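Residue numbers (my numbering), protein chains in the order written: chain A, 18 to 175; chain B, 18 to 175.
Glycine residues also receive a C-beta, built at the ideal position from the N, C-alpha and C atoms.
These numbers were taken from a predicted model, which means no experiment stands behind them.
Number of protein chains: 2
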Amino acid sequence: MPWRGGKGGPGWEGHFRGCGYRWTVSREVIIEVLSSTRHHMSAEDIYHAVHKDYPAIGLTTVYRTLDLLVDMGLVLKFDFGDKRARYELAEEFSTKEHHHHLVCNRCGRVIDYTEFIDDEVELFKKTEKGLSKKYGFQIKSRMIQFSGLCGNCNREQK
Amino acid sequence: MPWRGGKGGPGWEGHFRGCGYRWTVSREVIIEVLSSTRHHMSAEDIYHAVHKDYPAIGLTTVYRTLDLLVDMGLVLKFDFGDKRARYELAEEFSTKEHHHHLVCNRCGRVIDYTEFIDDEVELFKKTEKGLSKKYGFQIKSRMIQFSGLCGNCNREQK
DNA sequence: ATCCTTATTGAAAATGGTTTTCATTATCAT
DNA sequence: ATGATAATGAAAACCATTTTCAATAAGGAT
Ligand SMILES: [Mn+2]
Ligand SMILES: [Mn+2]
Ligand SMILES: [Zn+2]
Ligand SMILES: [Zn+2]
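Encoded structure:
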C-alpha cells in the first residue's frame with residue numbers, strides 16, 4: 018500500500034503528474050474530502066464540504082475533478098437510484114476494505130457489506146477469465162449491487 | 018412458464034388488472050415491442066418503434082408504462098453508462114435466459130452473458146441469506162455488471 | 001347499448017443533475 | 001521572473017425524465 022492519503026500525499030500528486038495533469042489546490046482539497054468520509058458523497062455533497070473552507074472552489078470544478086479521478090481509476094462512481102451520482106475512493110486508496118453495496122429502495126440507505134467477499138472474488142476471477150477467452154472482452158471494473166428494503170423500512174412496511 | 022407473450026396475452030393483461038390497472042392499447046403495444054426485441058432499449062427507442070404503427074402514442078406514456086412495468090417487476094431497468102435508462106423484460110417473461118451484462122466503455126456494446134451463472138446464483142443465495150440475517154435486509158433485486166473493452170475496441174486500442 | 005366515474009393519455013412546460021462555453025487565473029517548465 | 005497553456009468559476013446550455021392539466025378512453029353499473 019504505497020499510497021498515503023491526506024494533504025498533498027505524494028501518492029495522489031504523483032498520480033496526477035504521471036498522467037500529465039497539474040497538481041492544484043482544488044484537486045487536493047476534493048481528494049481530502051473523499052479521503053476523510055465513509056459516506057458515498059454526491060458531487061454537491063463534496064462541493065458543500067469543500068465550500069466551508071474554500072468558498073472559491075466551484076461545483077463545476079468538483080464535477081471535473083471527479084471525472085478525472087474516475088478516469089484515472091482512483092475513484093469509483095455509483096448509481097444508487099436517486100438521481101445523483103455517488104463517489105467513493107477506489108479500494109487501493111481507501112481505508113475501507115473491498116466491499117459491495119446494499120441499497121434500500123425506500124429510504125435510500127446504503128450499506129457496505131463484506132460478507133462472502135472471498136467467494137465473490139474467486140467467482141469474479143473465474144468469470145473474467147471465461148469471458149475474456151470467449152468474447153475477447155477485457156474487464157476493467159466489476160460491480161455487484163443488491164437492492165430491497167433495509168431493516169427499518171422492512172419493519173415499517175409490515 | 019404460464020405467461021404467454023404476444024398481443025394481449027392474458028398473462029400481461031392479468032398482471033395489470035390484478036394490480037388494479039386498466040389494460041390499454043398503449044400498454045399492450047409497448048409490451049409487444051419489449052417482447053420482440055433482443056436489445057436493451059431506451060424509452061426513446063421504444064417510442065420510435067411504437068410510433069411507426071401507433072403515432073398517437075406519446076413518449077410520456079412510454080415513460081409512464083415503463084415505470085409501471087418496473088414497479089410490477091415485469092421489466093428490468095439498467096444503467097449502462099450512457100445517459101439513458103435501458104429496459105429489458107424480466108426473466109420470467111423473456112425468452113432470454115438468466116444472464117448478466119458486459120458493457121464496453123468505449124463503443125457501448127452490451128453483451129448478455131450466461132457463463133458461470135449457476136455459481137453466481139448459488140453465491141447470491143448464500144449472500145442474500147447472510148445479509149438478510151445480519152442486516153435484516155430484504156433483497157428484492159440483484160445485479161452484476163462488468164465493464165471494460167469489448168473484443169473490437171480492445172484490438173483497436175492496441 | 002348507454003352512462004358515469006376516473007384512470008390514462010398527449011402536449012407542453014418544468015425540472016434538475018450534469019456539461020459546455022468562454023474569459024480569467026494558476027501551474028510549472030524554462 | 002516569464003510565457004505557454006492547463007485549470008477554473010460563473011453563467012448558460014443540455015437533455016433525459018417528470019410534472020401539469022385538459023381531453024380521452026376503460027370498464028363497471030345500469
Ligand atoms: Mn461503499
Ligand atoms: Mn440483457
Ligand atoms: Zn430503508
Ligand atoms: Zn467496444
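At least one C-beta of chain B is nearer than 9 Å to the C-beta of Y130(A). For D99(B), the three-state secondary structure derived from DSSP is coil.
The beta carbon of I156(B) falls within 9 Å of a beta carbon belonging to chain A, placing the residue at that interface. For G153(B), the Cβ stays outside the 8 Å cut-off from all heavy atoms of ligand 3. Within its own chain, the residues whose Cβ lies closer than 8 Å to the Cβ of H56(A), once the five positions on either side in sequence are excluded, are D62, listed in chain order. Chain-order list of chain A residues neighbouring S164(B): I156, K157, S158, R159, M160, by C-beta distance under 9 Å.
Where H65(B) is concerned, the enclosing alpha helix (DSSP H) starts and stops at 60 to 70. Taking 9 Å as the cut-off, the Cβ atoms of L91(A) and A60(A) do not count as close. In this structure, the alpha-carbon of K143(A) lies about 20 Å from that of E114(B).
For R101(B), the CB contacts under 8 Å within the same chain, skipping 5 residues up- and downstream, are S59, A60, E61 in chain order.
Annotated as distal: L85(A) and R34(A), with beta-carbon spacing of 9 Å or more. What you get when you keep residues with a C-beta closer than 7 Å to any heavy atom of ligand 2 is H57(B), E105(B), K113(B), H116(B), H118(B), V127(B), D129(B).
Closer than 9 Å to the CB of E30(B) there is not a single CB belonging to chain A. Y38(B) and G165(B) have their C-alpha atoms some 41 Å from each other. A direct Cα-Cα distance of roughly 11 Å separates S158(A) from K94(A). By the beta-carbon neighbour count (other beta carbons within 10 angstroms, threshold 16), S53(A) is exposed.
The shortest C-alpha to C-alpha distance from M160(B) to any of E109(A), H118(A), N169(A), E105(A) is the one to H118(A). Across the structure, V138(A) and V120(A) are spaced so that their CA atoms are roughly 20 Å apart. Using beta-carbon distances, F133(A) counts as an interface residue toward chain B, with a partner under 9 Å. Where K157(A) is concerned, the enclosing beta strand (DSSP E) starts and stops at 155 to 166. When the alpha-carbon of N169(B) is set against those of R126(B), G147(B), D96(B), I48(B), the nearest one is in R126(B).
In the assembly as shown, R123(A) is an exposed residue. Its beta-carbon has fewer than 16 other beta-carbons within 10 Å. Taken through DSSP and simplified to helix, strand or coil, H117(B) comes out as strand. For Y130(A), the enclosing beta strand (DSSP E) covers residues 127 to 130.
Spanning the alpha carbons of D135(B) and E108(B) requires a straight line of approximately 15 Å.
G98(A) has its Cβ no nearer than 8 Å to any heavy atom of ligand 3.
When C-beta distances to chain A are compared with 7 Å, the residues of the segment 85 to 98 of chain B below that value are D96, in chain order. With a threshold of 8 Å, the Cβ atom of R34(A) does not count as near ligand 4, since no heavy atom of the ligand is closer than that.
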